[in-house]
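Taking my numbering, the leading residue of the sequence shown gets 12, the next gets one more, and so forth. Here is the structure we will look at.
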Amino acid sequence: NWAAPPIPVNRWSWVGGEQRRMRLLVLRSAWGLRGLRDAPARTLAGLRSAGFDGLEASLEDLGASAEARAEAVRAARDEGLSLIISAYSSWANYEGPATEQLLSPPSAHLDRLTRELEAIAEASVAAGPLSPVLRVNAHSGSDAWSEDEAAAFLASAVEAASRIGEALPPVSHETHRGRALCCPFATARLLRRVPQLRLTSDLSHWVVKTERMLDTAPEQELLLGRVAPA
């Protein structure tokens with residue numbers, strides 16, 4: 012497994028009128044990580060020894076049952092590692108055939124995503140008050156939908172997360188090919204319609220989608236003025 016040392020990057024931010032130092036966390040992806048489901052404590056101890064601050068993983072990566080996922084989250088807590096847990100409205104982990112899953116109706120996507128958010132909340136609560144789960148990264152919707160369908164779905168996804176309440180860590184939705192947020196221009200319009208939406212920005216997907224670097228003045232204005240604040 013590939014490993015890299017932590018990158019000690021410090022930045023300053025203003026919170027409540029006070030200047031505070033922020034630290035960049037280096038998290039490993041669970042893709043290609045062996046042993047997580049079978050021996051979570053040993054595998055996560057190895058990540059800590061390799062210099063990582065945490066892990067991004069799906070529910071499926073963490074375990075096949077609620078009990079197994081809770082065990083993995085507690086193991087991360089005990090190692091002092093942070094977790095980002097991915098949630099999928101369809102096509103989990105991008106494994107298997109995509110078309111049939113992505114083309115399922117928005118209601119099916121919402122049902123699947125809501126179940127995953129509830130399961131993540133359950134796993135996080137199982138770790139107690141010092142839960143290591145920092146955030147949920149949602150892979151949401153389908154690029155086959157109209158903007159009206161995408162806006163309605165995303166608004167419902169935000170509402171579903173709100174209904175689950177404080178047990179659920181903050182949720183952001185990734186800019187990803189094949190998903191409702193696959194295009195920077197549509198995403199900017201969707202943010203106007205669903206202003207509560209928060210993003211996980213993987214801008215490489217937009218570069219591939221649009222086949223350009225998005226570095227013209229109007230595109231930079233869109234990215235910095237509309238997308239970045241989300």
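From the three backbone atoms N, C-alpha and C, an ideal C-beta is built for every residue, glycine too. Given the structure is predicted, the values throughout are model-derived calculations rather than measurements.
Following the DSSP letters along the chain, one finds S215 inside the alpha helix (DSSP H) bounded by residues 214-221.
Secondary structure of L70 (DSSP, three-state): helix. DSSP places V37 in no alpha helix (DSSP H); its state is neither H nor E. For the beta strand (DSSP E) assignment, the uninterrupted runs of no fewer than 3 residues enclosed by the stretch 140-166 are, from N- to C-terminal side, 144-150. Each residue's CA atom was taken as its position, placing E158 and A191 some 8 Å apart. When DSSP states are grouped into helix, strand and coil, A98 belongs to the strand group. Scanning P181, S142, L210 for the CA closest to the CA of R80 turns up S142. For H184, DSSP records a beta bridge to A149, L210.
Here the alpha carbons of A199 and L210 stand approximately 11 Å from one another. Sequence-distant partners of G46 (beyond 5 residues in either direction) whose C-beta falls short of 6 Å from its own C-beta, in its chain, are T54. In the DSSP assignment, G65 is bridged to L38, S93. The three-state secondary structure of L128, taken from DSSP, is helix.
Of the candidates D213, R237, E90, V84, the residue whose Cα lies closest to the Cα of L73 is V84.
Using a Cβ distance threshold of 9 Å, V218 and P180 do not count as a contacting pair. Annotated three-state conformation of S118 is helix, per DSSP.
The beta-carbon separation of R39 and L66, rounded to 5 Å, stays under the 8 Å limit for a contact.
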